[in-house]
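J.: Counting from 1, one number per residue, gives the positions in the sequence shown under full-length UniProt numbering. Positions of the beta carbon are idealized from the N, C-alpha and C atoms, including for glycine. Since we're looking at a predicted model, the values are computed, not measured. Please see the structure below; I have some questions.
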Amino acid sequence: MSQAERRVPGTLPAGLRPETLAVRSALPPSQYGENSEALFLTSAYVQPDAETSARRFANNEDFTYNRTSNPTVRSLEARLAALEGAEAAIATSTGMSAILLLAMGLLKAGDHVLCSRSVFGSTINLFAKEFGKFGVQTSFVSQTDLGEWRAAITPTTRLLFAETPTNPLTEVCDIRALADLAHEAGALLVVDNTFCTPALQRPLELGADLVMHAGTKFLDGQGRVMAGSVCGPRRIIQDVLAPVLRTVGMTISPFNAWVVLKGLETLKLRMEAHSRQAMAIAQWLEAHPRVARVHYPGLSSHPQHALALRQQGGQGGAVLSFELQGHDPEAAKAAAFHVIDSTQLLSIATNLGDTKSILCHPATTSHGRLSEAQRQAAGIGQGLLRLAVGLEHVDDITDDLQRGLATLPHSL
Ligand SMILES: *Cc1c(COP(=O)(O)O)cnc(C)c1O
Numbered sequence: 001m002s003q004a005e006r007r008v009p010g011t012l013p014a015g016l017r018p019e020t021l022a023v024r025s026a027l028p029p030s031q032y033g034e035n036s037e038a039l040f041l042t043s044a045y046v047q048p049d050a051e052t053s054a055r056r057f058a059n060n061e062d063f064t065y066n067r068t069s070n071p072t073v074r075s076l077e078a079r080l081a082a083l084e085g086a087e088a089a090i091a092t093s094t095g096m097s098a099i100l101l102l103a104m105g106l107l108k109a110g111d112h113v114l115c116s117r118s119v120f121g122s123t124i125n126l127f128a129k130e131f132g133k134f135g136v137q138t139s140f141v142s143q144t145d146l147g148e149w150r151a152a153i154t155p156t157t158r159l160l161f162a163e164t165p166t167n168p169l170t171e172v173c174d175i176r177a178l179a180d181l182a183h184e185a186g187a188l189l190v191v192d193n194t195f196c197t198p199a200l201q202r203p204l205e206l207g208a209d210l211v212m213h214a215g216t217k218f219l220d221g222q223g224r225v226m227a228g229s230v231c232g233p234r235r236i237i238q239d240v241l242a243p244v245l246r247t248v249g250m251t252i253s254p255f256n257a258w259v260v261l262k263g264l265e266t267l268k269l270r271m272e273a274h275s276r277q278a279m280a281i282a283q284w285l286e287a288h289p290r291v292a293r294v295h296y297p298g299l300s301s302h303p304q305h306a307l308a309l310r311q312q313g314g315q316g317g318a319v320l321s322f323e324l325q326g327h328d329p330e331a332a333k334a335a336a337f338h339v340i341d342s343t344q345l346l347s348i349a350t351n352l353g354d355t356k357s358i359l360c361h362p363a364t365t366s367h368g369r370l371s372e373a374q375r376q377a378a379g380i381g382q383g384l385l386r387l388a389v390g391l392e393h394v395d396d397i398t399d400d401l402q403r404g405l406a407t408l409p410h411s412l
């Protein structure tokens, strides 16, 4: 067997573990035998002859034009599918365009979607506003109350959409229970797995039909590029979604695909380190006299602690939030701003999934467009801070938080 044949996906030895698949799953190398997967920056592909060209265009075979397919993108898709335990994956330009793709492929006017109220803000806008214009209705229900999901199902419900854990309160939903509910109703369950990644949580094994990712976050892992993907059965990815992507063009740039492809090689190591650090910081915050409450699935005080650990490979993930002591909203906001502005190390930003820890104030950023009443209902108080834990030394992160926590005014 030649080197090239050995590397063809499917000709790797059977039964490889996820750590190995994360490093080895890819298209075969080019004639130059590069050990690290190549970056193919090209818009078009020269065809060997007219007959081959005609056949490839007729059957949408690889490789003709970059909107349709690219070898670097194919390697990313193969690697991601292997990690999620999916038959196939399709990569997209952003996380949001992955949701656009799956909705365009699976929904039509008159269809109904059930979505958790606590999902990513742009996901809510996409379903409620943008798809609403095209006659797709979406109902938003509690992240954690299965009864609410069940009661909201209608005869036209086609899709259940969940994200777990959520931002910033880290609420966890029961993927297996939602999958059972979806299937009883003849609908599909889609899980946004951005926060856990397949290194911690594999929704398809728990019964979900499709998994989507904002590859912008932990899959890249170093805050460099935008990316997205959908993983699932071949009959949906290749037969339903690929033709839509070909026509609509939410194609990922090969460069971004290459960055994420290489990011996946260290995904498990990074997610375990992020989780370990987040757990240590969550415990430190929980013991802090100026902190009223910590939201982190790894803590036994988390309302869905047992479910989270069962679903997330025994780990809490990389994101936590915490509430400062104090009830008056104005004082709580001033205290939160004081903690943010006292940092000398942490990044003040709203992204996550980076090696650099990121601190933000959800009430005036990600949830800033909600009314105060909507924010109260969502549990996003003015004293809430979200920390996306990076890979700096954990003591440097807590030292940086302590600068502000130690100098808060005593009466809040
Ligand atoms: C960031 C994010 C998205 C959107 O991804 P983009 O790449 O920014 O379009 C979707 N879901 C979750 C959970 C996210 O964190």
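1) In the structure shown, what three-state DSSP assignment does V211 receive?
2) Can you tell me which of the three DSSP states Q137 falls into?
3) Return yes when the C-beta of N256 is under 7 Å from any heavy atom of ligand 3, and no when it is not.
4) Applying the criterion that 16 or more other CB atoms from any shown protein chain within 10 Å of the CB defines a buried residue, is N351 buried or exposed?
5) How is the beta strand (DSSP E) around L324 delimited, first residue to last?
6) Is the separation between the beta-carbon of L114 and that of I175 shorter than 8 Å?
7) Quick one: which unbroken alpha helix (DSSP H) runs of 4-plus residues sit fully inside the stretch 346 to 383? Chain order, please.
8) Using a Cβ-Cβ cutoff of less than 6 Å, which residues in the same chain neighbour S118 once the five nearest sequence positions on both sides are dropped?
9) With I380 and L359 assumed to form a contact (beta carbons below 8 Å), what rounded beta-carbon distance in angstroms separates them?
10) Mark T164 as exposed unless 16 or more other C-beta atoms lie within 10 angstroms of its C-beta, in which case mark it buried.
11) Taking 7 Å as the line, does the beta carbon of D354 fall inside it for any heavy atom of ligand 1?
12) Within the continuous beta strand (DSSP E) that includes D192, where are the two ends?
13) To the nearest angstrom, how far is it from the Cα of C231 to the Cα of V211?
14) Is it buried or exposed for residue 473, if we count other Cβ within 10 angstroms and need 16 for buried?
15) Output the boundary residues of the alpha helix (DSSP H) element that contains L269.
16) Would you call the stretch 328 to 342 in contact with the stretch 302 to 311, where contact means no fewer than 3 C-beta pairs closer than 8 Å?
17) Could you tell me which residues DSSP puts in a beta bridge with H295?
18) Ends of the beta strand (DSSP E) at R246?
19) Quick one: using the 10 Å Cβ neighbour count with 16 as the cut-off for buried, is A242 buried or exposed?
20) Could you tell me which residues DSSP pairs with F161 in its beta bridges?
21) Please identify the residue among G383, S366, P303 and T251 whose C-alpha is closest to the C-alpha of D145.
T.: Considering the structure as presented:
1) DSSP places V211 within a strand segment (E or B) once states are collapsed to three.
2) Three-state result, Q137: strand.
3) Absence of ligand 3 from the depicted structure is noted, with ligand 1 being the only ligands included.
4) When all chains shown are included, N351 counts as exposed.
5) Its beta strand (DSSP E) spans residues V319 to L324.
6) Inclusion of L114 and I175 in the CB contact set at 8 Å is not warranted, their separation being larger than that value.
7) DSSP runs (the alpha helix (DSSP H)) wholly in the stretch 346 to 383: 372 to 378.
8) These residues qualify, in order along the chain: Q143, T166 and E171.
9) For a cut-off of 8 Å, the C-beta gap from I380 to L359 is around 15 Å, too long to register as a contact.
10) Burial check for T164: the Cβ neighbour count within 10 Å reaches 16 or more, so the residue is buried.
11) Relative to ligand 1, the beta carbon of D354 is positioned no closer than 7 Å to any heavy atom.
12) For D192, the enclosing beta strand (DSSP E) has its first and last residue at L188 to D192.
13) Roughly 5 Å separates the two Cα atoms.
14) The question about residue 473 has no answer, for the chain in this structure spans 1 to 412.
15) Counting along the chain, the alpha helix (DSSP H) containing L269 begins and ends at L267 to E286.
16) The stretch 328 to 342 vs the stretch 302 to 311: no contact.
17) Answer is S321, bridged to H295.
18) Per DSSP, R246 lies in no beta strand (DSSP E) segment; the continuous alpha helix (DSSP H) that holds it begins and ends at A242 to V248.
19) Buried.
20) Looking at the DSSP assignment, F161 forms a beta bridge with C115 and V190.
21) Of G383, S366, P303 and T251, the residue nearest in Cα terms is P303.
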